[in-house]
Each structure stands twice: as C-alpha cells, then as structure tokens.
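Only one structure is covered here, and it is reproduced in the block below.
Residue numbers (my numbering): 5 to 325.
Here it is, written out as structure tokens:
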C-alpha cells in the first residue's frame with residue numbers, strides 16, 4: 005500500500021472520513037480539505053501521485069526525488085515544502101535527519117516520506133482524535149511547530165555535553181576526550197547541513213504571498229523561525245566549546261612534548277662534552293698521557309665530574325634548569 009493514510013477533514017464539524025487508494029481521485033467534499041500521506045519506499049507511489057489531478061509536474065518530480073534538502077517553492081498558489089526533523093526512532097542517530105516532503109494547496113495536502121517521523125504521526129493522532137487543524141495552512145504551521153519542538157531536547161543535550169566536556173578537559177589533564185569532541189562536532193555538521201537551509205525556507209514563507217496563508221499564520225512561522233535560529237545558535241556555541249576544548253588538548257599535548265624534548269636536550273647537553281673526552285681518550289693509539297699511571301683513571305673521573313659540575317652551575321646561572 006503506497007497510501008499510508010488518507011483523510012477528508014471537515015473543520016467546521018471537527019470530523020473526518022478515511023479514504024482508501026481507490027478514493028483518492030474522487031472530488032474533495034465541500035467545506036473539507038484532503039490529506040494524503042504516501043510511502044515513497046513503495047514502487048507504486050510514483051504512479052499514484054502522478055495520476056492526481058492539478059499537480060505541478062516540477063513539484064511532483066521534487067516530491068519523488070531520492071534525496072532532498074530543505075527548501076520552499078511556490079507556484080500557482082501551491083506550495084512545496086521540503087522539511088527535515090531529527091530522527092527520534094529507537095536505536096537511530098538523531099542527527100540522521102528524516103525528510104518529509106509536503107505539497108500544500110488551499111484544499112489538499114500531500115505528504116511523502118521514506119521513514120516514519122513522529123511529528124507526522126502526531127498529526128495523524130490529532131486528526132483521529134477529532135482535533136484536526138482548521139485549514140491546510142494551520143496543518144502546515146502545526147507540522148512545522150512539531151518538527152521544531154521535537155528538536156529541543158536533542159539540541160539542549162548537545163550543548164550540555166559540549167559544556168561538560170569543556171569542563172572535563174580543563175579539570176582532568178590525564179584523560180583524552182578527542183573522540184567525544186569529534187563525535188559532537190560531527191553531529192553539529194550533519195545537523196547544520198539541513199537546518200541552515202530549513203531556516204532560509206522558514207524565512208522565505210514569511211515573505212511569500214498565497215491566498216490561503218493569513219498574516220497571523222505568517223507570524224507563527226516567524227516564531228518557528230526564531231526558535232530554529234536559537235537552535236542554530238546553540239549548535240554554534242557547542243561547536244565553539246568543542247573548538248576550545250580541542251585547542252586546550254592540543255596545547256596540553258604540545259606542552260608535554262616540549263617538556264620531554266627539553267629534558268632530552270638537557271641530558272644530551274650534559275653528555276656531549278663527556279662523550280667527547282671519553283671518545284678522545286678511548287682511541288687505540290700510542291701517546292695518550294698517563295696511560296701507564298694507575299691513578300690516571302681516577303684523575304680522569306674527577307675531571308669529568310668537574311666538567312659536569314661546571315655545566316650544572318652554568319645551566320643554573322642561565323636559568324636553563
């Protein structure tokens with residue numbers, strides 16, 4: 005079944021009637037609007053949507069595309085809205101955002117999806133409970149509000165985790181949080197890939213004029229846009245906190261490396277003259293002074309200790325130690 009749900013909704017009486025695939029081509033009743041919800045994973049969906057009367061061919065092609073990004077297009081008082089919502093399915097990654105494609109006119113709504121999305125399911129429950137939106141414009145506003153509302157917990161979670169990791173990086177010098185930082189930054193990139201164009205689409209709908217969207221509803225879209233902008237600001241703040249944490253880790257690693265290199269340099273500096281003298285006197289040639297004296301080795305050790313002591317004094321004087 006390519007049709008997931010089909011409703012003729014009567015706002016004045018707060019009632020509805022379900023329709024089947026065989027009834028989608030029938031005229032929409034007076035004082036009602038129609039909502040058709042299609043499953044894009046079914047091969048017969050394309051043919052069924054194309055068979056509906058009065059649809060813009062370009063809009064139909066956009067509805068059936070394999071991949072989409074959020075956008076808004078208007079033609080002949082019809083509106084095509086590509087939206088994304090966080091994936092709140094059990095075991096799924098929320099940043100793997102789910103697409104919902106919406107084609108809206110004054111008396112008909114067509115929604116298409118490849119995966120189940122809770123915001124659309126909320127609308128189904130509301131219609132079946134007798135609390136359906138009053139018009140197609142109210143339907144679109146409610147759907148957008150639900151999509152943005154369901155993002156709240158996940159956005160706050162990202163911001164809280166970023167702040168927590170920043171504190172842990174500052175407090176625990178022995179732990180490595182690079183993987184945690186990488187995961188958060190990856191989530192932010194994936195979210196902003198869709199939320200930035202979705203913000204532009206919401207801003208555009210406030211400027212476009214249609215016969216079925218009122219000024220009051222455009223003001224509600226402004227509130228939705230403001231909320232989405234707030235989420236994007238939260239993501240930017242989380243990204244900045246991740247950047248600070250990552251820079252702190254890199255600086256700490258560089259400091260540790262510099263300390264180790266400094267110790268090795270000091271050790272090499274102490275042994276450089278010692279190595280020179282031992283190498284010079286260790287050559288297998290005749291004529292080495294005091295080679296036959298039993299005290300020569302003791303005197304040589306004392307000279308080396310004097311050289312080390314001089315080096316230690318010189319390093320201390322120049323504050324190299």
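Where a beta carbon is used, it is the ideal one built from N, C-alpha and C, also for glycine.
By Cβ distance, which residues of its chain are closer than 7 angstroms to residue i, with the 5 residues on each side in sequence left out?
{"i": "residue 170", "result": "245, 248, 249"}
{"i": "residue 128", "result": "9"}
{"i": "residue 14", "result": "20, 35, 36"}
Alpha carbon to alpha carbon, what distance is there between residue j and residue i?
{"i": "residue 264", "j": "residue 225", "result": "58 angstroms"}
{"i": "residue 221", "j": "residue 146", "result": "10 angstroms"}
{"i": "residue 115", "j": "residue 40", "result": "6 angstroms"}
{"i": "residue 321", "j": "residue 314", "result": "10 angstroms"}
{"i": "residue 318", "j": "residue 325", "result": "10 angstroms"}
{"i": "residue 22", "j": "residue 130", "result": "14 angstroms"}
{"i": "residue 32", "j": "residue 111", "result": "8 angstroms"}
{"i": "residue 179", "j": "residue 257", "result": "11 angstroms"}
{"i": "residue 69", "j": "residue 104", "result": "12 angstroms"}
{"i": "residue 157", "j": "residue 268", "result": "51 angstroms"}
{"i": "residue 181", "j": "residue 259", "result": "17 angstroms"}
{"i": "residue 34", "j": "residue 88", "result": "32 angstroms"}
{"i": "residue 4", "j": "residue 123", "result": "Since the first residue of the chain shown is 5 and the last is 325, residue 4 is not available in this structure."}
{"i": "residue 50", "j": "residue 203", "result": "29 angstroms"}
{"i": "residue 52", "j": "residue 64", "result": "11 angstroms"}
{"i": "residue 134", "j": "residue 251", "result": "55 angstroms"}
Please return the same chain residues whose Cβ sits closer than 8 angstroms to the Cβ of residue i, not counting the five positions on each side in sequence.
{"i": "residue 113", "result": "37, 38, 39, 40, 106, 107, 140, 143, 144"}
{"i": "residue 160", "result": "238"}
{"i": "residue 218", "result": "141"}
{"i": "residue 194", "result": "99, 100, 101"}
{"i": "residue 228", "result": "145, 148, 149, 152, 206"}
{"i": "residue 213", "result": "none"}
{"i": "residue 172", "result": "179, 181"}
Shortest alpha-carbon distance to residue i belongs to which of the options?
{"i": "residue 42", "options": "184, 268, 181, 56", "result": "56"}
{"i": "residue 71", "options": "318, 273, 47, 102", "result": "102"}
{"i": "residue 67", "options": "252, 185, 22, 118", "result": "118"}
{"i": "residue 46", "options": "6, 58, 64", "result": "6"}
{"i": "residue 75", "options": "26, 199, 14, 138", "result": "199"}
{"i": "residue 165", "options": "82, 271, 189, 148", "result": "189"}
{"i": "residue 243", "options": "62, 282, 297, 186", "result": "186"}
{"i": "residue 253", "options": "25, 81, 184", "result": "184"}
{"i": "residue 284", "options": "266, 54, 262, 308", "result": "308"}
{"i": "residue 30", "options": "58, 241, 275", "result": "58"}
CB-CB under 6 angstroms to residue i, same chain, minus the five flanking residues each way: which ones, in chain order?
{"i": "residue 277", "result": "311"}
{"i": "residue 86", "result": "72, 74, 75, 105"}
{"i": "residue 121", "result": "89, 102, 104"}
{"i": "residue 25", "result": "7"}
Is any heavy atom of the ligand MN found at a distance shorter than 6 angstroms from the C-beta of residue i?
{"i": "residue 27", "result": "In terms of ligand content, the structure shown is empty, and the ligand MN therefore cannot be addressed."}
Can you tell me the Cβ-Cβ gap for residue i and residue j, rounded? I've got them flagged as a contact below 8 angstroms.
{"i": "residue 196", "j": "residue 232", "result": "Their Cβ separation, rounded to whole angstroms, is 11 angstroms, which puts residue 196 and residue 232 out of contact at 8 angstroms."}
Length at least 4, wholly inside the region 174-215: the alpha helix (DSSP H) runs in chain order: Note on the region 174-215: whole alpha helix (DSSP H) runs with a minimum of 4 residues are 182-209, in chain order.
Ranges of the alpha helix (DSSP H) found wholly within the region 34-59, counting only runs of at least 4: 49-54
Entirely enclosed alpha helix (DSSP H) segments - the region 100-175, minimum 4 residues: Correct list: 122-132, 140-153, 156-175.
Continuous alpha helix (DSSP H) assignments of at least 4 residues falling wholly in the region 213-294: 219-285
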